[in-house]
Ligand SMILES: Nc1nc2c(ncn2[C@@H]2O[C@H](COP(=O)(O)OP(=O)(O)OP(=O)(O)O)[C@@H](O)[C@H]2O)c(=O)[nH]1
Ligand SMILES: [Mg+2]
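In my numbering, the protein residues as written are 1298 to 1484.
Below is the structure:
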């Protein structure tokens, strides 16, 4: 008997997906896709955890992975469908680096996106642009008087515990959090 049978899954292409089921007693298991036996490969992992939890993981899913997955153990079997959805255009158009971050976040399914808008308003020459640059860890040596309004859109990560804003420099860039910083010249 199954303590927990396989469940249908819907995922986006490129993301890893796992089918998992739990049985009452340990035994040899066989996995199938659309009726054909499948074996471990570079993109397919087959595991048994604690003797009774059987898991099939497909890494970086492709359209051709879509189908009916089943497992057989002793004289019982369980099956479930895998539905692979196309990656949205916005994700396809990202740089490979950003797309990998997105897919990594999609794996855990816990990414949270925050939008914050900061508007810096003040009299002429009081240091608004310099303040903005300091916030973004930029040099302020060559700051010039702003002509009109300056809008900066910047991506960063925020450490919610320390409230620290971590601006770029390669690996800290996240596609998940955006900050819109606005400076304004007053006359
Ligand atoms: N001493 C000192 N000078 C500063 C500081 N912040 C900015 N300045 C200088 O003040 C001048 C004006 O700075 P900005 O950052 O351009 O000021 P702003 O408010 O953006 O100016 P506008 O765009 O012309 O309205 C520059 O020469 C800066 O170097 C500061 O904290 N201390
Ligand atoms: Mg300015």
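In this text, a Cβ means the ideal position worked out from N, Cα and C, and glycines have one as well.
Between residue 1324 and the rest of its own chain, which residues show a CB-CB distance below 7 Å, the 5 nearest in sequence each way excluded? Here residue 1324 corresponds to residue number 27 of the chain shown, with the count starting at 1. For residue 1324, where only same-chain residues beyond five positions count, the Cβ hits under 7 Å are 1370 and 1371.
For residue 1469, count neighbouring Cβ atoms within 10 angstroms of its own Cβ and tell me buried if that reaches 16, exposed if not. Numbered from 1 along the chain shown, position 172 holds the residue referred to as residue 1469. Residue confidence for residue 1469 is low, a pLDDT of 39 falling below 50, so the modelled location carries little weight; the figure read from the coordinates is stated next. With fewer than 16 Cβ atoms within 10 Å of its Cβ, residue 1469 is classed as exposed.
Less than 8 Å separating the beta-carbons of residue 1315 and residue 1352? Mapped onto the chain shown, residue 1315 falls at position 18. Mapped onto the chain shown, residue 1352 falls at position 55. Yes.
Would the C-beta of residue 1419 count as close to ligand 1, meaning under 7 Å from any of its heavy atoms? Residue numbering aside, residue 1419 sits at position 122 when the chain shown is read from its first letter. Yes, Cβ of residue 1419 sits closer than 7 Å to a heavy atom of ligand 1.
Unbroken beta strand (DSSP E) run spanning residue 1350, endpoints: Taking the first residue of the chain shown as 1, we reach residue 1350 at position 53. 1350-1355 is the span of the beta strand (DSSP E), which, as asked, contains residue 1350.
Start and end residues, beta strand (DSSP E) containing residue 1312: Position 15 of the chain shown, counting from 1, holds the residue named residue 1312. Note, residue 1312: premise wrong, no beta strand (DSSP E); not H, not E.
In this structure, does DSSP put residue 1331 in helix, strand or coil? Within the chain shown, numbered from 1, the residue matching residue 1331 stands at position 34. DSSP places residue 1331 in coil when its eight states are reduced to three.
Run the CB neighbour count on residue 1480, radius 10 Å, all protein chains shown included, and call it buried at 16 or more, exposed below. Mapped onto the chain shown, residue 1480 falls at position 183. For residue 1480, the pLDDT reaches just 46, beneath the cut-off of 50, and the residue's location in the model is therefore unreliable, although a value from the coordinates is still provided. Residue 1480 is buried by the Cβ-count criterion.
Nearest by alpha-carbon distance to residue 1403: which of 1413, 1388, 1392 and 1414 is it? Numbered from 1 along the chain shown, position 106 holds the residue referred to as residue 1403. Minimum Cα distance to residue 1403 is reached at 1388.
Within the present structure, is the beta-carbon of residue 1424 separated from the nearest heavy atom of ligand 1 by less than 7 Å? Locating residue 1424 in the chain shown gives position 127, counting from the first residue. Yes, the Cβ of residue 1424 comes within 7 Å of a heavy atom of ligand 1.
Can you give me the Cβ contacts of residue 1364 inside the same chain, cut-off strictly under 7 Å, excluding the 5 residues immediately before and after it? Working through the chain shown from its first residue, we reach residue 1364 at position 67. 1330, 1331 and 1379.
Short check: CB of residue 1318 to CB of residue 1368, under 8 Å? For the purposes of this step, residue 1318 is taken as residue 21 along the chain shown, with counting starting at 1. For the purposes of this step, residue 1368 is taken as residue 71 along the chain shown, with counting starting at 1. Result yes, Cβ atoms of residue 1318 and residue 1368 sit closer than 8 Å.
Entirely within the region 1347-1400 and at least 4 residues each: give me those alpha helix (DSSP H) ranges in chain order. 1386-1389
Buried or exposed: which applies to residue 1429, given that a residue is buried once 16 or more other Cβ atoms fall within 10 Å of its Cβ? One-based indexing of the chain shown puts residue 1429 at position 132. Result: buried.
Please identify the residue among 1424, 1450 and 1449 whose C-alpha is closest to the C-alpha of residue 1440. Translated into positions along the chain shown, residue 1440 becomes position 143. Here the closest residue by C-alpha is 1424.
Nearest-angstrom Cα separation, counted from residue 1395 out to residue 1421: Counted from its first residue, the chain shown places residue 1421 at position 124. Counted from its first residue, the chain shown places residue 1395 at position 98. Distance between the alpha carbons of residue 1421 and residue 1395 is about 38 Å.
Environment of residue 1336 [buried if 16+ CB atoms lie within 10 Å]: Taking the chain shown and counting its residues from 1, the one referred to as residue 1336 is at position 39. It is exposed - the Cβ of residue 1336 has fewer than 16 other Cβ atoms within 10 Å.
Taking the alpha-carbon positions, what's the residue 1310 to residue 1357 distance? Looking up residue 1310 in the chain shown gives position 13. Looking up residue 1357 in the chain shown gives position 60. One C-alpha to the other measures close to 7 Å.
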